[in-house]
Amino acid sequence: MKVELYNRMRRGQMSRRGMLRGAASVGAVAAAGGFSLGLSTGPANAATDLRAALLKIPGVGTGSPSDADYQKVGEMTLGPTKAVVAEGEFEGVELTFLGLNNQNQHNFLFRGFLKPWEKYTGATIKWIDLAQADYNARLQQSIATQTVDFDIIEMGAPFEGDVTGRGLASEMPEWVKDVIDMDDYVDYLKAPVGTWDGKTYRVSIDGDCHNFNYRTDYFENEDFAAAWASEGHDGPWEVPNTWQKVQEVTKFLTGKKDPLSGLDAHGYLDPLKGWGGFGFYFLASRATAYAKHPDDPAWLFDPEDMKPRVNNEAWVRAIQDVLDVMADQPTDQINADPGTTAFQQFLAGTGSMVSWWGDVGAGAKTSDSSVVGEVTGFSILPGSDDVWNHKEGKWETLDTGPNYAPNMAYIGWGVYVMARVDADPKRHKAAWSAAAHLGGKDLSLWASAYPSGFQPYRKSHFNVDEWTEAGYDEAFIDDYLSSEADSYNHPNAAIEPRIPGIFQYYSVAEDELAKIYAGQYASAQEGADAIAAAWEKITDQIGRESQTALYRASLNL
Amino acid sequence: MTAQVDLLHVVTTDNITPRRIALGRTLVWGSAGILLLLIATQALFENGYLSFGFENWRPVLYAYVFWAVCFCASQVIIRGEQGKRALFVLPAVLFVASMVIFPLLFGLSIAFSDWNLASPDGRSFNGLDNVRQMWADPFYWNALKNMVYYTMAILVEYAIAFGLALLLNSQIRAQKFFRVAFLMPLMLSPVAVSWMVGKSMLEVRFGPIARLARWIGWEHPSFFGTPEMARTMIMVMDAWTFIPFMMIMILAGLQAIPKEVQEAAKVDGASAIQAFWQVVFPLMLPISITAVLIRIIFKLKLADIIITVTSGGPGGATDSVTSFIFREYRDRSNVGYGTLLAMVYLVVIIIAITIFMKLVDRWMNPRY
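Protein sequence lines correspond, in order, to chains A and B.
Everything in the first sequence is counted per the working numbering, starting at 25 for the first residue and increasing by one.
Everything in the second sequence is counted per the working numbering, starting at 289 for the first residue and increasing by one.
Here is the structure:
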């Protein structure tokens with residue numbers, strides 16, 4: 025609908041400046057066009073119309089979107105591209121795009137989104153699809169062997185140290201910043217994320233954090249409430265808001281029955297098996313409330329010398345917490361990775377609490393295998409009654425109450441343009457135009473509302489009315505979006521260090537954690553010391569001086 | 289005279305002129321010179337001693353191919369008919385040298401270097417540091433220990449395969465159907481087996497095997513909860529995939545045993561058990577050893593099922609050397625150390641297989 029509007033506007037010879045005025049989206053374009061053509065739709069309404077129309081493709085509850093839908097979304101959101109690129113301007117340019125193929129998402133969507141862009145600009149895109157597990161190795165090998173064979177890459181912020189830190193990425197031109205409306209990003213995705221040495225490199229297409237997913241039917245269950253009171257627990261039976269309470273609830277639920285399935289009830293689900301480094305995020309989600317002090321930006325390493333903090337009292341307490349409730353976990357939990365806890369357990373009705381990325385919330389009502397769509401609630405990660413002050417070497421109780429420190433695990437996917445396009449102005453503009461199209465404000469709303477692999481990451485994504493109009497249940501989506509927004513905007517959010525080789529640290533930690541959980545160390549402290557020793561080795565191997573400098577830069581110190 | 293003693297039956301006598309020989313030598317040495325020049329130039333350029341060079345090593349590869357072609361051609365030019373004979377094997381020799389020997393030497397150079405892909409300093413020679421690290425690496429030794437367990441399981445697999453082969457070799461109904469049915473697991477990818485069996489059928493809540501276990505009274509079935517159980521399950525899944533391979537080899541051997549020998553044993557009054565142990569089994573030894581040897585080689589590469597199902601857990605109980613190297617190399621980009629581990633494993637395998645074959649040879653052919 026709005027594409028036609030746009031075309032009519034084009035025929036009306038609207039100026040580029042006029043098109044961009046008001047809003048950096050086709051909504052604005054359509055609005056301006058509407059005004060010049062004497063249509064009654066005002067600018068705000070036109071933008072809203074476009075976004076509403078986008079969210080109806082294909083419509084919530086009408087099955088998964090198809091490639092035709094992706095193309096339609098790409099076509100409808102081409103306005104900002106048309107504002108800065110003439111038709112056929114990139115004729116003859118071929119760009120290579122390296123991205124993922126997880127769950128047939130990521131590159132599969134990008135192909136559809138960019139097809140109308142290719143048709144309009146004349147550029148063509150060659151695709152390199154990678155499985156998540158192969159991504160790190162492929163990227164590192166390309167960098168190390170100086171065989172970067174792609175112009176655009178879909179990449180997570182943790183890899184910025186590897187890529188932008190070595191000058192391999194192209195600096196974002198000013199016009200792209202205008203097109204993608206970076207002011208709309210949630211605060212934690214703004215600089216220093218996406219920047220290196222003060223230069224901007226990243227078009228964000230995702231925002232990542234772990235939130236806390238729980239079963240409302242457990243915490244509204246009268247039998248559980250009565251048992252909780254009769255067993256003499258402190259406070260009412262309610263969703264735990266500290267890890268201390270999570271532990272208490274998890275132990276309490278052992279031996280009881282799940283109100284939905286009638287099988288064994290379980291509390292918090294810990295993934296005890298590694299997941300190519302990604303499993304470490306889940307220990308971190310338990311640890312941040314203990315380890316991230318509001319007065320200290322660092323929580324994983326000392327910023328002075330990269331000395332690991334993973335064996336300080338905060339982290340050891342988190343590890344001990346896991347050990348303390350291992351007996352209360354479902355059978356075979358030692359062989360459960362994060363994918364299992366989210367999709368085969370929580371969404372399938374096993375367990376009552378789990379930390380995960382937004383995929384659990386997105387899948388609760390849309391996944392065919394989910395049985396908990398009507399009984400899932402969300403909040404930010406639990407806090408802690410006390411927090412470890414690493415500088416002082418003591419536990420502190422804050423005057424403000426429990427310490428919360430949501431884990432901004434992975435910091436979301438972004439699109440980056442490689443420096444190899446810089447030499448050719450036409451390729452440079454083409455690559456950045458493609459990246460800007462994928463990171464467009466309206467397109468991103470659609471991507472965060474439908475299965476795409478991407479979470480909401482813009483302030484404008486948190487307009488509940490837009491989601492309810494698209495067919496979402498208001499209470500559910502409000503709860504879900506609030507848990508995301510409150511995490512992103514939390515003043516004590518624990519933000520991951522963007523240093524080279526960060527997944528090496530996570531991977532080796534997973535190996536040691538597996539031994540700790542299997543009881544091969546005498547204590548959690550001994551196991552944590554082993555992780556710290558392995559991390560020290562990695563830091564020395566990569567280069568302590570450069571790692572420290574990059575770590576400090578990533579913390580904006 | 290020459291033709292009479294030439295057992296290779298040269299049909300023509302070459303009349304090779306000195307000029308032709310000189311041409312051949314010019315060709316081979318000229319192309320070798322170009323190759324060496326390019327190698328030297330590129331090496332100096334890469335190390336910063338020269339300001340000019342190629343973007344990558346591809347031109348050197350082309351020069352190598354050119355030299356190889358010239359070298360082959362020069363054999364004919366210089367040696368005529370004799371050179372043509374050399375051409376039957378020379379391309380294969382050059383191919384093996386370039387695809388096996390050169391990468392092996394290159395791999396060795398990597399194995400003795402500190403090369404973490406995330407390091408901005410790149411690769412540097414670090415002597416025996418990687419060997420020392422390996423010596424003190426409990427994960428590697430744990431994986432090697434697990435490989436001993438996994439390899440020992442082959443004896444059980446062999447016994448089962450032999451039993452199945454005997455069954456299929458006997459006169460049973462639907463013999464052809466069972467032969468195909470028993471072979472099917474071998475046709476499946478180990479990754480498919482991992483998902484189908486390890487992650488689905490053995491899933492503790494919904495998996496049919498877990499349901500069956502509950503039905504027969506195992507209240508909380510756990511297939512990967514303890515080190516011993518997890519290792520056993522990995523062995524079972526791997527065995528299920530590869531027993532058909534041993535079975536089909538043994539079956540072929542059984543069918544090749546002459547009927548007369550077995551009939552003679554019967555006539556002499558041997559019981560079924562005696563006939564098996566005294567006649568069939570000894571006759572089957574050569575093929576059995578071949579089957580076991582190939583199976584050992586397969587087993588030493590075991591990784592995919594482990595990576596998919598347990599990631600080496602719990603606590604490294606199911607880790608194989610290959611799955612550990614996979615993590616070290618892929619997840620941690622530790623190319624130098626990962627390569628050394630692989631090289632050491634290669635040497636261990638070569639030594640172990642050689643000892644195994646020597647022992648078998650002594651057993652099969654005793655020297656009195």
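In this text, a Cβ means the ideal position worked out from N, Cα and C, and glycines have one as well.
Neighbourhood of B:Lys646 by C-beta, 7 Å cutoff - its chain only, sequence neighbours within 5 removed | Translated into positions along the second sequence, residue 646 of chain B becomes position 358. Closer than 7 Å at Cβ, skipping near neighbours: no residue.
Which ranges does the beta strand (DSSP E) cover as unbroken runs of at least 3 residues, wholly within the stretch 118–196 of chain A, from first to last along the chain?
-> 118–124, 148–154 and 176–180
From what residue to what residue does the beta strand (DSSP E) around A:Ser403 run?
-> Residue mapping note: residue 403 of chain A aligns to position 379 of the first sequence, counting from 1. A:Ser403 -> beta strand (DSSP E) spans Thr400 to Ser403.
Could you list the residues in the stretch 497–512 of chain B with a C-beta less than 8 Å from some C-beta on chain A, going in chain order?
-> His508, Pro509, Ser510, Phe511 and Phe512
Could you confirm whether any beta carbon from chain B is found closer than 8 Å to the beta carbon of A:Thr374?
-> The residue given as residue 374 of chain A occupies position 350 in the first sequence. Yes, because at least one Cβ of chain B sits closer than 8 Å to the Cβ of A:Thr374.
Is there contact here, the stretch 623–639 of chain B with the stretch 539–548 of chain A, by at least three beta-carbon pairs under 8 Å?
-> no
Take A:Thr72 as the anchor and find which of A:Lys316, A:Ala322, A:Leu296 and A:Asp466 has the nearest alpha-carbon.
-> As a working note, residue 72 of chain A is residue 48 in the first sequence. Measuring from the Cα of A:Thr72, the nearest candidate turns out to be A:Asp466.
Can you list, in chain order, the residues of the stretch 562–575 of chain A whose Cβ is nearer than 8 Å to any Cβ on chain B?
-> Ile562, Gln565, Ile566, Gly567 and Ser570
Please determine, among A:Leu537, A:Ser511, A:Ala573 and A:Gly495, the residue with the shortest C-alpha to C-alpha distance to A:Thr86.
-> The residue given as residue 86 of chain A occupies position 62 in the first sequence. The option with the nearest alpha carbon to A:Thr86 is A:Gly495.
Counting Cβ pairs closer than 8 Å, one from the stretch 561–575 of chain B and one from the stretch 474–483 of chain B, do we hit at least three?
-> no
Name the chain A residues whose beta carbon is nearer than 7 Å to that of B:Ala406?
-> Stepping through the second sequence from its first residue, residue 406 of chain B is reached at position 118. Result: Gln164, Asp186, Pro524, Gly525, Gln528 and Ile566.
Beta-carbon gap between B:Arg502 and B:Pro509 smaller than 8 Å | In the second sequence, the residue the question calls residue 502 of chain B occupies position 214. In the second sequence, the residue the question calls residue 509 of chain B occupies position 221. Yes.
Would you give the residue range spanned by the beta strand (DSSP E) that A:Tyr292 belongs to?
-> The sequence position of residue 292 of chain A within the first sequence is 268, counting from 1. Premise fails: A:Tyr292 is in no beta strand (DSSP E) and is neither H nor E.
Quick one: any contact between the stretch 268–275 of chain A and the stretch 286–296 of chain A, if contact means 3 or more CB pairs under 8 Å?
-> yes
Which of helix, strand or coil does DSSP assign to A:Ala47?
-> Taking the first sequence and counting its residues from 1, one reaches residue 47 of chain A at position 23. A caution first: A:Ala47 carries a pLDDT of 36, below 50, which makes its placement in the model unreliable, though a value can still be read off. Three-state DSSP puts A:Ala47 in coil, outside helix and strand.
Quick one: residues in its chain with C-beta nearer than 6 Å to the C-beta of B:Leu338, no 5 flanking neighbours on either side, listed in chain order?
-> The residue you call residue 338 of chain B lines up with position 50 of the second sequence. For B:Leu338, where only same-chain residues beyond five positions count, the Cβ hits under 6 Å are Leu332.
Assuming A:Ala556 and A:Asn335 make a contact with CB atoms under 8 Å, what is their CB distance in whole Å?
-> Locating residue 556 of chain A in the first sequence gives position 532, counting from the first residue. Locating residue 335 of chain A in the first sequence gives position 311, counting from the first residue. Confirmed, about 4 Å.
In chain order, what residues of the stretch 422–443 of chain B put their CB closer than 7 Å to some CB of chain A?
-> Phe427
Quick one: measure Cβ to Cβ for A:Asn516 and A:Tyr428, integer angstroms, because I've assumed they're closer than 8 Å.
-> Numbered from 1 along the first sequence, position 492 holds the residue referred to as residue 516 of chain A. Numbered from 1 along the first sequence, position 404 holds the residue referred to as residue 428 of chain A. About 6 Å; that satisfies the 8 Å criterion.
Under 8 Å by Cβ, that's how I've got A:Ser578 and A:Pro216 pegged, so tell me the actual separation to the nearest angstrom.
-> Counted from its first residue, the first sequence places residue 578 of chain A at position 554. Counted from its first residue, the first sequence places residue 216 of chain A at position 192. Sure, about 6 Å apart at Cβ, within 8 Å.
Leaving out five residues before and five after B:Val636 in sequence, what residues of the same chain have Cβ atoms less than 7 Å from its Cβ?
-> Walking along the second sequence from the start, residue 636 of chain B turns up at place 348. Answer for B:Val636: no residue qualifies.
B:Met534 and B:Ala449 look like a contact to me (Cβ under 8 Å); what is the Cβ gap, rounded to whole Å?
-> Translated into the one-based positions of the second sequence, residue 534 of chain B becomes position 246. Translated into the one-based positions of the second sequence, residue 449 of chain B becomes position 161. Contact holds; Cβ gap of about 4 Å.
Which residues in chain B sit within 9 Å of A:Ala548, going by Cβ to Cβ distance?
-> By one-based count along the first sequence, residue 548 of chain A stands at place 524. The premise fails here: A:Ala548 is roughly 14 Å from chain B at the closest Cβ pair, so nothing lies under 9 Å.
Within 10 angstroms of its Cβ, does B:Ser412 collect 16 or more other Cβ (buried), or is it exposed?
-> The residue given as residue 412 of chain B occupies position 124 in the second sequence. Exposed.
Apart from the five residues on each side of it in sequence, which residues of its chain come closer than 6 Å, Cβ to Cβ, to A:Leu581?
-> For the purposes of this step, residue 581 of chain A is identified with residue 557 of the first sequence, where counting begins at 1. If we look at A:Leu581 and ignore the five residues flanking it on each side, its Cβ neighbours are Pro327.
Does the beta carbon of A:Tyr541 sit closer than 8 Å to a beta carbon anywhere in chain B?
-> In the first sequence, counting from the first residue as 1, residue 541 of chain A sits at position 517. With 8 Å as the cut-off, A:Tyr541 counts as an interface residue toward chain B.
What residues of chain A sit near B:Val492, judged by a beta carbon separation below 8 Å?
-> In the second sequence, counting from the first residue as 1, residue 492 of chain B sits at position 204. Per Cβ cutoff of 8 Å: Pro354, Thr355 and Asp356.
8 Å contact criterion, which B:Ala431 and B:Phe612 should meet: CB distance rounded | Start at 1 with the first residue of the second sequence, and residue 431 of chain B comes out as number 143. Start at 1 with the first residue of the second sequence, and residue 612 of chain B comes out as number 324. About 4 Å; that satisfies the 8 Å criterion.
Under a Cβ-count criterion, where at least 16 other Cβ atoms within 10 Å of its own Cβ denotes burial, should A:Trp267 be classed as buried or exposed?
-> Position 243 of the first sequence, counted from the start, is the residue given in the question as residue 267 of chain A. Buried, by the Cβ-count rule.
Inter-residue Cα distance where the pair is B:Ala544 and B:Phe644 | Your numbering for residue 544 of chain B matches position 256 in the second sequence. Your numbering for residue 644 of chain B matches position 356 in the second sequence. If you take the alpha carbons of B:Ala544 and B:Phe644, they lie about 25 Å apart.
Taking only the alpha-carbon atoms, compute the straight-line gap between A:Ser49 and A:Pro104 and give it to the nearest angstrom.
-> Taking the first residue of the first sequence as position 1, residue 49 of chain A is located at position 25. Taking the first residue of the first sequence as position 1, residue 104 of chain A is located at position 80. Annotation note: pLDDT 39 at A:Ser49 (below 50); position unreliable, no value reported.
Give every residue of the same chain whose Cβ lies closer than 6 Å to the Cβ of A:Trp491, excluding the five residues on either side of it in the sequence, and list them in chain order.
-> Along the first sequence, one-based indexing puts residue 491 of chain A at 467. Closer than 6 Å at Cβ, skipping near neighbours: Ile501.
Kindly indicate if chain B contains any beta-carbon less than 8 Å away from that of A:Ser578.
-> Position 554 of the first sequence, counted from the first residue, corresponds to residue 578 of chain A. Closer than 8 Å: no.
Which of helix, strand or coil does DSSP assign to A:Glu229?
-> Numbered from 1 along the first sequence, position 205 holds the residue referred to as residue 229 of chain A. Residue 229 of chain A is actually Ile in this sequence, not Glu. If DSSP states are grouped into helix, strand and coil, A:Ile229 belongs with coil.
Neighbouring residues, chain A, relative to B:Gln620 (Cβ below 7 Å) = Locating residue 620 of chain B in the second sequence gives position 332, where the first residue counts as 1. One point to set straight first is that residue 620 of chain B is Arg, not Gln, in the sequence displayed. Those are Gln528, Ser531 and Val532, listed as they occur along chain A.
In the structure shown, what three-state DSSP assignment does B:Ser319 receive?
-> Here residue 319 of chain B refers to the residue found at position 31 of the second sequence. Helix.
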